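J.: Sharing a structure, written as structure tokens. Questions coming.
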Amino acid sequence: MFSLSDKKLGQDIVSKIKKEKIKAKFMHVCGTHQDTIVKHGLDSLLKKCGISISQGPGCPVCVTTPLEIEKMLLLTRNGVIVTSFGDMINVPGEYKSLGDMKAEGYDVRTVYGIEDAVKIAYENPSKDVVFMGVGFETTAPATAATIISNPPKNFSIFCCHRTIPYALKAILDIGELKLDGLIEPGHVSTIIGIKPYEFISKDYGIPQVIAGFEPIDVLMGCWMLVKQIKQGKTFVENEYKRVVHQEGNIKAQKILNEVFEPCDMEWRGFPVIAKSGLKIKKKFECYDASVKFEDTLKDLENKELHEPEGCLCGELLRGLVSPFDCPLFGQACKPETPVGPCMVSVEGSCNIEYRYSEK
Amino acid sequence: MCLAIPGKVVEIESNKDHAIVDYGEGTKRKANISLVDVKIGDYVLVHAGFAIEVLNKKEARETIALFREMLSFEEVK
């Protein structure tokens, strides 16, 4: 009921776009959108209509910084059980990943969600258990809801949650790319609704469409952007109405506001982006691993960390290059031997491109 | 990462924080429902073990028809 499949409709949308004879550059910020685009060949289809489309910083695992990963490696060395999502565990810090630490015998656990990490904390009362909380607004409410559910005191969260709107602002402020439209992530928007994007259209004069994840959704999203461009309009349009409500999920927003406050945060490939991160409020700091382990982690604060040599993940996350521009892609860097995070994560452009070009 | 899967709420646990969600083809899993207001029979979107939204069945059924309508009537002027 919730999937859309209609080949004829897809063809009709493409021919409509083609008829407009437009040349435009769009960006989206979601690995699931990228998966749909590459899997169904929408990128080459849209190129024929004059539209190029790139991913941008839309992969929470990919934008996590080497410093954040190094901090988790340090905690495992200090006997803490570190838990996170599968992709995160395999992203290298400066040299090693949490997965490498696990292979060396340290206690690192892959979890499907934060509640699995809480369960591990209950099962190991004499140990500290840290959940490395990555993810955008889609994932952060689960972390917030867990914090207010009174988990055990040996459980804490290393908060790497980031938020989308100010990252989009950063892309536009940096100005390396001239973008004609933004496709906004459907499931982030499920939580935040439409309003948080509005300043972008207003301040930067750029059309935006919140889109779902079926090929028809992405094509329809592009068509809506084309229409705005042709009509000289700039506003936030919602293509994914079957899921995204205008005001978002208010219950989730309330829990987010109760637990977190916005903070400035560094993203891989970017300088510090103002107001783009979530910090656990003082009231809940007993669950904040960066406070709980402050003494252990402070040695890393001023350490200069290097990105893997030759890796173009930073440029890729700013939408400047495609995986094919990277000399490491498919050579030294493959899913089984990843150099950068965009090849590790199934949401990363390089991993997606490699997976579908193999077939 | 932001992947979310739709499923039907078939049972709500007595603590009201968790429900059993049926994803079809015999796959049923527990999900936390503290971020949404749901009743048995509702469809929810589940991400990393948490239901993040209740789905609008009417909108879903009408999506294709709505898109067709938009394409046929909204010629760009």
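Chains A and B are the protein sequences, given in the same order.
Taking the working numbering, the leading residue of the first sequence gets 361, the next gets one more, and so forth.
Taking the working numbering, the leading residue of the second sequence gets 8, the next gets one more, and so forth.
Beta carbons are placed, not taken as given, at the ideal position from N, Cα and C, and that holds for glycine.
Keep in mind it's a predicted model, so treat the numbers as computed, not measured.
For the region 399-415 of chain A and the region 626-646 of chain A, state whether three or more C-beta atom pairs, one from each stretch, are separated by less than 8 Å.
T.: no
J.: How would you write the range of the alpha helix (DSSP H) that residue 591 of chain A sits in, first residue to last?
T.: One-based indexing of the first sequence puts residue 591 of chain A at position 231. Unbroken alpha helix (DSSP H) run through residue 591 of chain A: 575-591.
J.: Use the C-beta contact count for residue 510 of chain A: other C-beta atoms within 10 angstroms, 16 or more gives buried, fewer gives exposed.
T.: For the purposes of this step, residue 510 of chain A is identified with residue 150 of the first sequence, where counting begins at 1. Under this definition residue 510 of chain A is an exposed residue.
J.: Taking just the CA atoms, how far does residue 62 of chain B sit from residue 29 of chain B?
T.: Mapped onto the second sequence, residue 29 of chain B falls at position 22. Mapped onto the second sequence, residue 62 of chain B falls at position 55. If you take the alpha carbons of residue 29 of chain B and residue 62 of chain B, they lie about 14 Å apart.
J.: If we ignore side chains and look at the alpha-carbon of each, how far apart do residue 578 of chain A and residue 526 of chain A end up?
T.: Within the first sequence, the letter at position 218 stands for residue 578 of chain A. Within the first sequence, the letter at position 166 stands for residue 526 of chain A. If I take the Cα positions, the gap works out to 23 Å.
J.: Cutting at 8 Å between CB atoms, please list the residues of its own chain near residue 680 of chain A, excluding the five before and the five after it.
T.: Within the first sequence, numbered from 1, the residue matching residue 680 of chain A stands at position 320. 536, 537.
J.: Mind listing the chain C neighbours of residue 63 of chain B? Cutoff is C-beta to C-beta under 9 Å, in chain order.
T.: This model lacks chain C altogether, as its protein chains are A and B.
J.: Taking just the CA atoms, how far does residue 500 of chain A sit from residue 617 of chain A?
T.: In the first sequence, the residue the question calls residue 617 of chain A occupies position 257. In the first sequence, the residue the question calls residue 500 of chain A occupies position 140. In a straight line, the C-alpha of residue 617 of chain A is about 11 Å away from that of residue 500 of chain A.
J.: Between residue 89 of chain B and chain A, is there a C-beta pair that is closer than 8 Å?
T.: Summary: the structure shown does not reach residue 89 of chain B, with chain B confined to residues 8 through 84, and so no result is reported for it.
J.: Short of 7 Å in beta carbon distance, which residues of its chain neighbour residue 689 of chain A, apart from the five on each side in sequence? Order them along the chain.
T.: Residue numbering aside, residue 689 of chain A sits at position 329 when the first sequence is read from its first letter. 683, 710.
J.: Mark residue 457 of chain A as exposed unless 16 or more other C-beta atoms lie within 10 angstroms of its C-beta, in which case mark it buried.
T.: Against the first sequence, residue 457 of chain A aligns to sequence position 97. By the 10 Å Cβ count, residue 457 of chain A comes out buried.
J.: What do you get for residue 648 of chain A, buried or exposed, if any count of 16 or more other CB atoms within 10 angstroms of its CB means buried?
T.: Your numbering for residue 648 of chain A matches position 288 in the first sequence. So residue 648 of chain A counts as buried.
J.: Below 8 Å on the Cβ atoms is my contact criterion, and I expect residue 531 of chain A with residue 416 of chain A to pass it. Report the Cβ-Cβ distance as a whole number of Å.
T.: As a position in the first sequence, residue 531 of chain A is number 171, starting the count at 1. As a position in the first sequence, residue 416 of chain A is number 56, starting the count at 1. Yes, they are in contact, since the Cβ atoms of residue 531 of chain A and residue 416 of chain A sit about 6 Å apart, within 8 Å.
J.: Please report the straight-line C-alpha distance between residue 708 of chain A and residue 701 of chain A, rounded to a whole angstrom.
T.: Walking along the first sequence from the start, residue 708 of chain A turns up at place 348. Walking along the first sequence from the start, residue 701 of chain A turns up at place 341. Their Cα atoms are separated by approximately 7 Å.
J.: Looking only at C-alpha atoms, which of A/520, A/698, A/669 sits nearest to residue 431 of chain A?
T.: What you label residue 431 of chain A is simply residue 71 of the first sequence in a count that begins at 1. The residue with the shortest Cα to Cα distance from residue 431 of chain A is A/520.
J.: Which value, in whole angstroms, describes the spacing of the CA atoms of residue 715 of chain A and residue 21 of chain B?
T.: Taking the first sequence and counting its residues from 1, the one referred to as residue 715 of chain A is at position 355. Taking the second sequence and counting its residues from 1, the one referred to as residue 21 of chain B is at position 14. Between residue 715 of chain A and residue 21 of chain B, the C-alpha separation is close to 43 Å.
J.: Along chain B, in chain order, which residues have C-beta atoms closer than 9 Å to that of residue 547 of chain A?
T.: As a working note, residue 547 of chain A is residue 187 in the first sequence. Identification of chain B residues near residue 547 of chain A by a Cβ-Cβ cut-off of 9 Å yields 9, 10, 11, 52, 54, 59, 60, ordered along the chain.
J.: Identify, in the order they occur along the chain, each residue of the same chain with its Cβ nearer than 7 Å to the Cβ of residue 584 of chain A, setting aside the five sequence neighbours on each side.
T.: The sequence position of residue 584 of chain A within the first sequence is 224, counting from 1. Excluding residues within five positions, the ones whose Cβ falls inside 7 Å are 569, 597, 599.
J.: Since residue 493 of chain A and residue 508 of chain A are thought to touch, with beta carbons under 8 Å apart, how far apart are those beta carbons, to the nearest angstrom?
T.: In the first sequence, residue 493 of chain A corresponds to position 133, counting from 1. In the first sequence, residue 508 of chain A corresponds to position 148, counting from 1. Residue 493 of chain A to residue 508 of chain A, Cβ: 14 Å. No contact.
J.: Which chain B residues are close to residue 612 of chain A, counting only those with a beta carbon under 7 Å from its beta carbon?
T.: In the first sequence, residue 612 of chain A corresponds to position 252, counting from 1. Result: 42, 59.
J.: Kindly list, in the order they appear in chain B, the residues whose Cβ is closer than 7 Å to that of residue 369 of chain A.
T.: The residue labelled residue 369 of chain A in the question sits at position 9 within the first sequence. Residues of chain B passing the Cβ test: 71, 74, 75.
J.: Going straight from the alpha carbon of residue 651 of chain A to that of residue 438 of chain A, what length do you get?
T.: The residue labelled residue 651 of chain A in the question sits at position 291 within the first sequence. The residue labelled residue 438 of chain A in the question sits at position 78 within the first sequence. Approximately 16 Å between the Cα atoms of the pair.
J.: Rounded to whole angstroms, what is the Cα-Cα separation between residue 661 of chain A and residue 654 of chain A?
T.: For the purposes of this step, residue 661 of chain A is identified with residue 301 of the first sequence, where counting begins at 1. For the purposes of this step, residue 654 of chain A is identified with residue 294 of the first sequence, where counting begins at 1. Going by the C-alpha atoms only, they are around 10 Å apart.
J.: Which residues does DSSP pair with residue 554 of chain A in a beta bridge?
T.: Residue 554 of chain A sits at position 194 when you count from the first residue of the first sequence. None; residue 554 of chain A has no bridge partner.
J.: When DSSP labels each residue in this structure, what does residue 704 of chain A get in the three-state scheme?
T.: Taking the first residue of the first sequence as 1, we reach residue 704 of chain A at position 344. In the structure shown, residue 704 of chain A sits in a helix (DSSP, three-state: H, G or I).
J.: Would residue 594 of chain A and residue 567 of chain A qualify as a contact pair, given that the criterion is a beta-carbon distance under 8 Å?
T.: Against the first sequence, residue 594 of chain A aligns to sequence position 234. Against the first sequence, residue 567 of chain A aligns to sequence position 207. For residue 594 of chain A and residue 567 of chain A, yes; Cβs fall inside 8 Å.
J.: Under a three-way DSSP split, which group does residue 719 of chain A fall into?
T.: Taking the first residue of the first sequence as position 1, residue 719 of chain A is located at position 359. Its pLDDT being 48, under 50, residue 719 of chain A is placed unreliably in this model, and the value from its coordinates should be taken loosely. Looking at residue 719 of chain A - three-state DSSP - the assignment turns out to be coil, as it is neither helix nor strand.
J.: Using a Cβ-Cβ cut-off of 8 Å, state whether residue 475 of chain A counts as contacting chain B.
T.: Residue 475 of chain A sits at position 115 when you count from the first residue of the first sequence. Taking Cβ atoms only, chain B reaches closer than 8 Å to residue 475 of chain A, which makes this a yes.
J.: Where does residue 566 of chain A sit, in a helix, a strand or coil, going by DSSP?
T.: By one-based count along the first sequence, residue 566 of chain A stands at place 206. Residue 566 of chain A falls in the coil class under three-state DSSP.
J.: How big is the Cα-Cα spacing for residue 636 of chain A and residue 665 of chain A?
T.: The count along the first sequence starts at 1 and reaches residue 636 of chain A at position 276. The count along the first sequence starts at 1 and reaches residue 665 of chain A at position 305. Cα-Cα distance, rounded: 21 Å.
J.: Does the separation of the CB atoms of residue 423 of chain A and residue 677 of chain A fall below 8 Å?
T.: On the first sequence, position 63 is the one that residue 423 of chain A refers to. On the first sequence, position 317 is the one that residue 677 of chain A refers to. Cβ distance < 8 Å, so residue 423 of chain A and residue 677 of chain A count as in contact.
J.: Report the neighbours of residue 527 of chain A on chain B: residues whose CB is nearer than 9 Å to its CB, in chain order.
T.: Locating residue 527 of chain A in the first sequence gives position 167, where the first residue counts as 1. Neighbours of residue 527 of chain A on chain B: none; closest Cβ ~14 Å, over 9 Å.
J.: Run the CB neighbour count on residue 373 of chain A, radius 10 Å, all protein chains shown included, and call it buried at 16 or more, exposed below.
T.: Taking the first sequence and counting its residues from 1, one reaches residue 373 of chain A at position 13. Its Cβ being crowded by 16 or more others within 10 Å, residue 373 of chain A is buried.
J.: Tell me the rounded alpha-carbon separation between residue 57 of chain B and residue 642 of chain A.
T.: Here residue 57 of chain B refers to the residue found at position 50 when the second sequence is read from its first residue. Here residue 642 of chain A refers to the residue found at position 282 when the first sequence is read from its first residue. Each residue's alpha carbon lies about 25 Å from the other.
J.: Report all residues from its chain with a CB closer than 8 Å to the CB of residue 322 of chain A; omit the five preceding and five following residues, and keep chain order.
T.: As displayed, chain A neither begins before 361 nor continues past 719, which places residue 322 of chain A out of reach and without an answer.
J.: Using 8 Å as the limit for Cβ to Cβ distance, is residue 426 of chain A near chain B?
T.: Translated into the one-based positions of the first sequence, residue 426 of chain A becomes position 66. Closer than 8 Å: no.
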